[in-house]
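Written below as structure tokens is the structure these notes are about.
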Amino acid sequence: MATVKLSLSSPSPSSIQSKLSAASFIPNAARAFNATPSAKSRFIGKCLRSSPMTIHRGSRSVEITCSASSSPAATLPSALLFDCDGVLVDTEKDGHRISFNDTFKERGLGVTWDVDLYGELLKIGGGKERMTAYFNMVGWPEKAPKDEAERKAFIAGLHKQKTELFMVLIEKKLLPLRPGVAKLVDQALTNGVKVAVCSTSNEKAVSAIVSCLLGPERAENIKIFAGDVVPKKKPDPAIYNLAAETLGVDPSKCVVVEDSAIGLAAAKAAGMTCIVTKSGYTADEDFVNADAVFDCIGDPPEERFNLSFCGSLLQKQFVS
């Protein structure tokens with residue numbers, strides 16, 4: 130038996146939160162899709178090791194003892210669906226944010242997104258949407274056009290340039306895969322489980338990450354759903370609905386690996402099981418509706434979970 134302490138606490142408000150209205154600027158993922166937690170606290174995740182997992186449930190704290198099991202699950206997922214940024218690679222702070230700032234500088238816009246501000250902006254799915262919301266809030270740069278249609282083209286141009294700068298970082302392999310990602314992908318592909326990446330990021334950027342960091346052989350077997358492939362981005366479930374439909378799988382037999390509250394909301398609204406692997410920017414977000422929460426996937430001997438664990442989540446085989 131392994132004893133695991135799960136610390137449950139509410140995320141701390143940031144200094145900029147008061148400026149970003151949850152009702153009009155940043156979607157409240159749980160409220161948007163009526164993701165109501167069970168009144169009774171339940172154990173959402175089986176321990177594979179004795180390191181702590183953190184699950185946020187308001188202000189309550191509980192201590193849970195669970196058994197660690199290495200026996201294989203009788204059922205495996207039909208599909209394993211990964212978010213990209215923050216899940217495959219912790220790209221946001223030193224990848225996307227830097228590329229946005231370099232683009233703003235090259236265009237002479239006089240805009241810089243610091244670490245804390247970018248963390249708040251990440252609550253908006255999609256880079257183009259993120260820039261548009263920011264400029265609507267603080268005012269558009271002098272060099273930006275006044276016409277709404279022209280502003281849309283202006284944003285698209287900025288995003289294209291930013292994506293090109295970001296891809297250089299990926300191609301140079303300056304941002305590594307997170308621990309356990311390649312292992313879990315290999316386990317899925319070896320066992321005939323379909324694998325896809327579902328992201329709000331630009332399709333070229335996501336493809337570069339998959340191809341350059343996971344390698345061309347894996348990439349050939351990974352379906353990518355990204356960018357503007359759907360009209361609405363996370364926390365809307367559209368991208369996960371599209372993935373299930375395209376792959377020909379039942380949503381209830383899919384396991385999603387996400388790192389953010391909006392991604393979790395999208396997965397649950399699509400009727401899928403969701404594991405959260407927290408990233409640098411999302412450590413304090415509320416994952417009350419997640420099926421399991423870890424700091425990463427992990428490689429042996431520091432493995433947090435594997436494909437068998439994903440199957441056990443579908444079977445709801447928990448010991449609390």
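Going by the numbering used here, the sequence shown opens with residue 130, and the numbers climb by one from there. Note that CB positions come from ideal geometry on N, CA and C, so glycine has one too.
CA-to-CA distance, residue j to residue i, given in whole angstroms
{"i": "K352", "j": "N418", "result": "26 Å"}
{"i": "S328", "j": "K301", "result": "21 Å"}
{"i": "E277", "j": "R226", "result": "25 Å"}
{"i": "S381", "j": "Y369", "result": "11 Å"}
{"i": "D231", "j": "D223", "result": "12 Å"}
{"i": "F154", "j": "N320", "result": "Bear in mind that a pLDDT of 36 at F154, under 50, signals an unreliable position, so the number given afterwards is only what the model happens to contain. Cα to Cα, F154 sits roughly 42 Å from N320."}
{"i": "F229", "j": "D413", "result": "24 Å"}
{"i": "P430", "j": "P345", "result": "27 Å"}
{"i": "T241", "j": "C213", "result": "24 Å"}
{"i": "I299", "j": "R347", "result": "17 Å"}
{"i": "A285", "j": "N265", "result": "15 Å"}
{"i": "K101", "j": "S437", "result": "Any answer about residue 101 is impossible in this case: the structure gives the chain only from 130 up to 449."}
{"i": "V324", "j": "E374", "result": "14 Å"}
When the options are compared against residue i, the one with the closest alpha-carbon
{"i": "V267", "options": "L238, G254 and S389", "result": "L238"}
{"i": "P308", "options": "D223, Q444 and N435", "result": "N435"}
{"i": "K291", "options": "N265, S437, S330 and V359", "result": "S330"}
{"i": "D219", "options": "L303, I253, P270 and E235", "result": "L303"}
{"i": "E235", "options": "E221, V384 and K272", "result": "K272"}
{"i": "L313", "options": "K363, L443, G427 and E431", "result": "G427"}
{"i": "S389", "options": "S228, F416 and S381", "result": "F416"}
{"i": "A421", "options": "F233, R433 and P429", "result": "R433"}
{"i": "C349", "options": "L318, G377, P364 and K333", "result": "Residue 349 is actually Glu in this sequence, not Cys. Comparing Cα positions, the closest option is L318."}
{"i": "Y263", "options": "P274, G254, L250 and K275", "result": "L250"}
{"i": "K252", "options": "F354, L298, L393 and L442", "result": "L393"}
{"i": "A355", "options": "G286, W269 and S336", "result": "S336"}
{"i": "P364", "options": "I391, V324, V244 and D357", "result": "I391"}
{"i": "F233", "options": "N265, P270 and V244", "result": "P270"}
{"i": "D379", "options": "L443, V244 and D243", "result": "L443"}
Cβ neighbours of residue i in the same chain (closer than 6 Å, five flanking residues each side left out)
{"i": "V322", "result": "L205, P206 and L209"}
{"i": "G248", "result": "Y410"}
Residues near residue i by beta carbon distance below 7 Å, same chain, minus five either side
{"i": "G485", "result": "There is no way to answer for residue 485, as the model of the chain reaches only from 130 to 449."}
{"i": "L396", "result": "Here residue 396 is Ala; the residue named in the question, Leu, does not match the sequence. Excluding sequence neighbours, A396 sits near Y369, V385, E387 and C403."}
{"i": "P274", "result": "R280 and F283"}
{"i": "A168", "result": "Confidence in A168 is poor, its pLDDT being 29 and thus under 50, which makes the residue's placement too unreliable to answer from."}
Residues bridged to residue i [DSSP beta-bridge criterion]
{"i": "E387", "result": "V405"}
{"i": "V218", "result": "D214 and L306"}
{"i": "V422", "result": "V405"}
{"i": "S441", "result": "Paired residue(s): none; S441 is not in a bridge."}
{"i": "K352", "result": "A325"}
{"i": "A399", "result": "In the DSSP output, where bridge partners are listed per residue, A399 has none listed."}
{"i": "A282", "result": "DSSP, once it has assigned bridges, lists no residue as partnering A282."}
{"i": "L436", "result": "Paired residue(s): none; L436 is not in a bridge."}
{"i": "A208", "result": "K323 and C383"}
Close beta carbons around residue i, own chain, < 8 Å, minus the five adjacent residues each side
{"i": "L217", "result": "F211, L306, R307, V310, V326, I338, V339, L342 and L343"}
{"i": "H288", "result": "G256, K257, M260 and N331"}
{"i": "D315", "result": "R347"}
{"i": "V244", "result": "K222 and R226"}
Proximity below 8 Å, CB of residue i to CB of residue j
{"i": "G409", "j": "E221", "result": "yes"}
{"i": "C383", "j": "T406", "result": "no"}
{"i": "A334", "j": "F283", "result": "no"}
{"i": "K362", "j": "G215", "result": "no"}
{"i": "V359", "j": "L376", "result": "no"}
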